[in-house]
Every structure is written in C-alpha cells, then in structure tokens.
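Structure, as structure tokens:
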Amino acid sequence: MTPFDNTILDNKYEIVHEIKRGGFGIVYFGLDKRLNKPIAIKKIVPELVGEENFLEMFHEEALNVAKLNHNNIVHIYDLKKTTDGHLYIIMEYIDGYDLEKILRSLRKAGQKMSPYLAAYIIAEVCVALDYANQRLDTLTNKPLNLVHQDVSPSNIMITRHGGVKLIDFGISSVKLHQKTEKKSTKLRGKIPYMAPEQLIRGNIPDHRTDLFSLGLVLHEALSGQRIFNSREDVYAAGKNARMFKKAVKDPSFPQPLDKIISNALEPDIRQRYQSANRMHFDLVNYLRSRKESGEMVDYLVALIHQYCDRKKRPQGPPATPIELTRGKTSTNTSGTSKWSEIEIIEETEVNIPAKQKSPTDTKITNKTVYTTDPVFESDEYIRPVIDVIRASVRDNKNKILQYCFGFILILFVFGILDTINGWT
C-alpha cells in the first residue's frame, strides 16, 4: 500500500490502490463515493509537480480531452488540483487489458493474433483518432485538432466486453497551440512507436504522425515483433526510406493488410495516409471480405478470457472462434531489427528524454467485475461507417450502369449493321 491509498479527494473520490505507473503519471483504482461507481484516478508523478510549465500544459490539454465524448476514447470526468500542487485526473475505469499485455501473452503461448482481429482493433482506434482530430469545440465551433503522440499497444485497451478504447491523451497536443511554441517543442511518446519526422526533422507532429504509429502497432500485432527497438532504427528508416519500405513487407500478411501497413508506414508524411478515416475505410473493406460467421467483439472476449484472465495459460492450439495463427514468435521484442545495420548519415541531433521502462501491470485484488457506462454517439461519429456503406452501394450502382451501357452499345452496333446490310 502506498501513502496515497485510501485518500479521499474533494470528499468524493477515494483512491483505493495503484494499478500501474508510467513516465508521466500513476494510475489508481478509485471509487466515486457519491455515485458509488468505479473510476480511475491519474496523478502526475511527483518529479514533475515542480515544473510549472508542464503542469499548465497538462492542465490545458486535459481540459481539451475532457471535451471528447466517444465510445472508443477513455472519458475524463473531473480534474482536481490539491493545495500542495498535486494534479489528479478523474476518468473512466476500464475493466480489461491493454494490447501490450495481450500480445505478450500470445507470444508466450507461441501464438499470433488473427489478421481479422488485429484489423478490427486498429480500425476502432482509427475511429477514435479521426474523432479526436475532427471534433469541434462547442464554444468556438473550431476543430480541436488533438494529436495523441503516444499511440502504442500500452495505450490501447481491450475491455472484457470486447470494446476497444484509446487511453492516455495526457501527452496529447493541440496542433494550433503548438504553432506558437515551435521552438520549445519537446519530443514526446515512446521511441519504438515514433515516426521518422519526429526524430530526424524535428517537425511538429500532426494526425499523420499518429497513423504511422498505428501502422507500427498493426505490424507488431500481426508479426509478434516490434519494427523499431531503438532510436537508431527510427533514424535508419527515415534515412533509407526505400529499404525500410521493403523491410516492413511480410509475405505472411494478407495482401490488403500488407498494403494498408505500407501506406501507414510511408516515411514521407506526404505519401502516408492523410486521414484516419481513410485508413479506417480500407480496414473495414478488408473486414467485409471475411467469410467466418460471428462477431469480432465475441472473439475479443474469448481471446481475453483464454489468454489473460486465466492464471494458467492454456497449452496447445487455441479454440476455433478466437482465430489465432500458430507460429514461432519470440518472447523478446527487443532483438535486432531488420534494418539496424543500415548505415546512418547526417543525423540531426535532438534532445531525447531517457528511455522509460514499460509500465508494469498490477493485479487488482477487488473481486467485483465492473462495467463501463455506454456512451451514445452523434451522427458525426458514425461517418466512417456510413462511408463504407456508401462505397458498397456505389459499387452496385456502377455494375448496373456498366450492364446498361453494354446493352445499349450492342443495340447501337446492331442498328448500324442492320442499316448497312438491310437485315430488317
């Protein structure tokens, strides 16, 4: 038990015990005493409390993220600052596991995630990113332009009910706000999931940077291994774009997913996916091709139950509905990457923070299983799905038009030949 356990904030929020900690904060399991429901409480790490600039930035960004109301994004309920300067974020408690833990469990069992499951998870994250970037501020009616900057397996949560949620917008940035502080921009995120432009050119990240990170996550989910393991790997990818694009291709991937990964992992940001909505569109088109019956949500629930909930990991091949692929996967993702030996020239120096250790998972001893409240979405959240439906209808209309045009062309040719030969 830590000194913060069983602390009551504002006579309302009780800190019960620690869940995990990372480079920016400590996450606790808590209870809303007034509403009698579970919550998560994130406290800024003590080392950063004295940095006023950081706290102001974090406070401002937390307020912006609190404006988001989407089923694929963790909800922020409240923001508290104590008299001693500690900052707490009160947010939705997610009963489930992060994707990093799920992939680690699969590797230990010698399994790989099904391409369809991986595509489904990434598609859900695309919806969250597109919403965060396009969401309008209700006061100014202008886009919030939120960029996550830390899209990684540890920040993608899978609930026990099969939901997918993007978490930890704590280091996200407001693009419009960044332009006024370009010279003081600091590098954020995890090195293995960064885009080359973040390290080499020192550019301000935008929504396309998040899509590169998401492409890295999709590749790792399919292959069981990280693409980048060090800063040098990221440099090499940016300096040797042609070789990098060849290296990320994997003949074992389904062709549509291989193409999606290639588009997301374009070192040139101008050639990359220009929106999360476009990437989501391609992923959903791939998912439409699957012949197996059953809901992807059900398969995610079965996957978590079989590989994360049980104390003893199952032996042998998995149950059929989970759709996993058997393969030789390494339990260590920090090995030599495919292009770590590529010569790197003309590196640009940037200030890189010390590498943070991956957050460790702490088992919650409370036996009660909590569920999260459903969130109703407006029409703008469903836009990507509508686009796919429209594409399907458009395809059918095009086929009908082609048949009609062909029939008319045949009649026209027949009429000319009849006039010349006098058949009728």
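Just so it is clear: in the sequence shown, position 106 is 96 by the working numbering, and no numbers are missing.
We put the CB at the ideal spot given by N, CA and C, even for glycine.
Can you tell which of the options has the C-alpha that lies nearest to the C-alpha of residue i?
| i | options | result |
| --- | --- | --- |
| K10 | Y18, E4, Y3 | Y18 |
| I294 | S95, C116, D120 | S95 |
| A99 | T409, W413, C298 | C298 |
| V141 | D127, G15, T72, D158 | D158 |
| A254 | D223, G214, M184, L277 | M184 |
| L273 | F14, C116, I(-2) | C116 |
| Y121 | F44, L189, D200, M147 | D200 |
| Q188 | R221, I400, T(-3) | R221 |
| H197 | N43, R262, V35 | R262 |
| K32 | T72, I79, V238 | I79 |
| L77 | Y83, L69, F202 | L69 |
| D74 | E42, D88, D85, Q264 | E42 |
| P195 | V291, N267, R260 | R260 |
| V224 | L212, S203, S213 | S203 |
| N267 | Q139, K235, I112, M286 | I112 |
| I(-2) | L89, M47, F402, K71 | K71 |
| K235 | N219, G214, P257 | P257 |
| P415 | I16, M286, T130 | Nothing can be reported for residue 415, as the shown portion of the chain is limited to -9 through 414. |
| Q264 | W413, N123, L93 | N123 |
| Q139 | P186, Q101, K132 | P186 |
| D248 | A109, Q392, T130 | A109 |
| H60 | D85, A118, E46, K132 | A118 |
Quick check on the burial criterion: 16 or more other C-beta atoms within 10 angstroms. Buried or exposed for residue i?
| i | result |
| --- | --- |
| L208 | buried |
| P241 | exposed |
| C394 | exposed |
| I251 | buried |
| S279 | exposed |
| V154 | buried |
| T409 | exposed |
| K91 | buried |
| N411 | exposed |
| E50 | exposed |
| H151 | exposed |
| S320 | Low per-residue confidence applies at S320: pLDDT is 44, beneath 50, and the placement is therefore not dependable, though the value from the model is reported in the following sentence. The residue in question, S320, is exposed, as its Cβ has fewer than 16 Cβ neighbours within 10 Å. |
| I400 | exposed |
| I148 | buried |
| G405 | exposed |
Starting from the C-beta of residue i, find all residues in its chain whose C-beta is less than 7 Å away, skip the five residues before and the five after it, and write them out in chain order.
| i | result |
| --- | --- |
| L407 | none |
| E114 | N62, V154 |
| G15 | K32, K33, I34, V35, G160 |
Chain D beta carbons: is any one of them nearer than 8 Å to that of residue i?
| i | result |
| --- | --- |
| H60 | Absent from the structure is chain D; it holds one protein chain and no more. |
What does residue i pair with, by DSSP beta-bridge criteria?
| i | result |
| --- | --- |
| P28 | L21 |
| I34 | G15 |
| V154 | I148 |
| Y3 | L(-1), D22 |
| D68 | I80 |
| K10 | V17 |
| I390 | DSSP output for I390 lists no bridge partner at all. |
| I63 | L156 |
Looking only at its own chain, which residues have a Cβ that is under 6 Å from the Cβ of residue i, when we skip the five neighbours before and after it?
| i | result |
| --- | --- |
| L206 | Y183, I217 |
| P246 | Y276 |
| L134 | N54, R125, D127 |
| K180 | S142 |
| N145 | I157, D158 |
| V64 | M81, E82, K155, I157 |
| F243 | L212 |
Tell me which same chain residues have a C-beta within less than 8 Å of the C-beta of residue i, skipping the five on either side of it?
| i | result |
| --- | --- |
| K57 | R125, D127, T128, L134 |
| L21 | Y3, E4, V6, K27, P28, I29 |
| K23 | I(-2), N1, K2, Y3, E4 |
| L89 | I111, P143, S144, I146, M147, I148, V207, A211 |
Which full runs of the alpha helix (DSSP H) of 4+ residues lie inside the stretch 70 to 133, going along the chain?
89 to 98, 105 to 124
Which runs of the alpha helix (DSSP H) fall wholly inside the stretch 202 to 276 and span at least 4 residues, in chain order?
Here the runs fully enclosed are 221 to 229, 231 to 237, 245 to 254.
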